[in-house]
Amino acid sequence: NAGVTQTPKFQVLKTGQSMTLQCAQDMNHNSMYWYRQDPGMGLRLIYYSASEGTTDKGEVPNGYNVSRLNKREFSLRLESAAPSQTSVYFCASVLSLNTEAFFGQGTRLTVV
Amino acid sequence: DAKTTQPNSMESNEEEPVHLPCNHSTISGTDYIHWYRQLPSQGPEYVIHGLTSNVNNRMASLAIAEDRKSSTLILHRATLRDAAVYYCILKVAVLSNFGNEKLTFGTGTRLTIIP
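Here the protein sequences come in this chain order: U and G.
The opening residue of the first sequence carries number -15 in my numbering; numbering runs sequentially from there.
The opening residue of the second sequence carries number 7 in my numbering; numbering runs sequentially from there.
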């Protein structure tokens, strides 16, 4: 049971490049989330998906798009990366509203 | 969304109990109180959650005030491995309202354990 798997673990992009961060969970969870964490800060919600086929904006959605491909996978896309998007990105999943959330190990993204 | 307020940092001696407070004065009747912690260079991990009654598990205890406007996470015997940032989060329990299924973190409390 792998839990929540994020790929890649590290990535360096040039300004203006695009990329997709992948997240997959094997726990049959309904809800999935993408967060970013800047140095010394708490986690900020970018987008979330309450169930397969639905996505909603969180606190900081600008510059990002998401896709809930199926129940297992929730991807985060940066269409034109900017240095302000340098951060650690975490994916999480939850079975239902009042069960525990499981987090991936994070993707460390640097935009130069 | 209801907000939580936590102290920025706390220190505790190893092998002593730790009480981490959280204020959530705007909590609604259906909000659950969740606690997560984040060890250095890792993703957050679940600690405990509750609604009205005090809760215990193998990691910690959660004491919830009678008016539910505050709660306290209790680590009964702190070890060096408990050094982490602890987050208190309110999570809405309304199944029918998918717009409120957000899991929103605050800035948390950085707990330092002194050997």
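All C-beta atoms, glycine included, are put in the ideal place defined by N, C-alpha and C.
This one's a predicted model, so the numbers in the text were calculated from it and none came from an experiment.
Around the C-beta of Val(-4)/U, fewer than 16 other C-beta atoms lie within 10 Å, and the residue is accordingly described as exposed.
Near chain U, meaning a CB-to-CB distance below 8 angstroms, no residue of the stretch 10 to 35 of chain G qualifies. Glu22/G: not part of any beta strand (DSSP E); DSSP gives it neither H nor E.
Among the residues of chain G, those whose CB is under 9 angstroms from the CB of Leu29/U are Lys108, Leu109, Thr110 and Phe111, following chain order. Here the alpha carbons of Phe87/U and Gln6/U stand approximately 13 angstroms from one another. DSSP places Arg28/U inside the beta strand (DSSP E), whose first and last residues are Leu27 to Ser33. For Glu57/U, there are no neighbours in chain G by C-beta distance under 8 angstroms, as the nearest C-beta there is about 18 angstroms away. By the neighbour-count criterion, in which a residue is buried when 16 or more other Cβ atoms sit within 10 angstroms of its Cβ, Ile95/G is buried. Only exposed fits Phe(-6)/U, as fewer than 16 other CB atoms lie within 10 angstroms of its CB. Out of Thr94/U, Gln89/U, Val96/U and Gly0/U, the CA that lies nearest to the CA of Ser47/G is found in Gln89/U.
Here the stretch 38 to 53 of chain U does not lie against the stretch 18 to 34 of chain G, with fewer than 3 beta-carbon pairs under 8 angstroms apart. If you look at Thr113/G, you'll find it isn't in any beta strand (DSSP E); DSSP assigns it neither H nor E.
Cβ neighbours of Gly0/U within its own chain (closer than 7 angstroms, five residues either side excluded): Ser64 and Ala65.
No Cβ-Cβ contact shorter than 7 angstroms links Leu81/G with Leu68/G. For Asn82/U, a Cβ of chain G is located within less than 7 angstroms of the residue's own Cβ.
Put simply, the backbone Cα of Lys41/U is about 43 angstroms away from that of Pro121/G.
For Leu57/G, same chain residues with a beta-carbon under 6 angstroms away, outside a window of 5 residues either side, are Tyr38 in chain order. Closest in alpha carbon position to Asn29/G, among Ile70/G, Gln44/G, Ala84/G and Thr118/G, is Ile70/G. For the pair Pro(-8)/U and Asp73/G, the Cα-to-Cα distance works out to about 45 angstroms.
For Tyr32/U, the nearest CB of chain G lies under 7 angstroms from its own CB, placing it at the interface with that chain.
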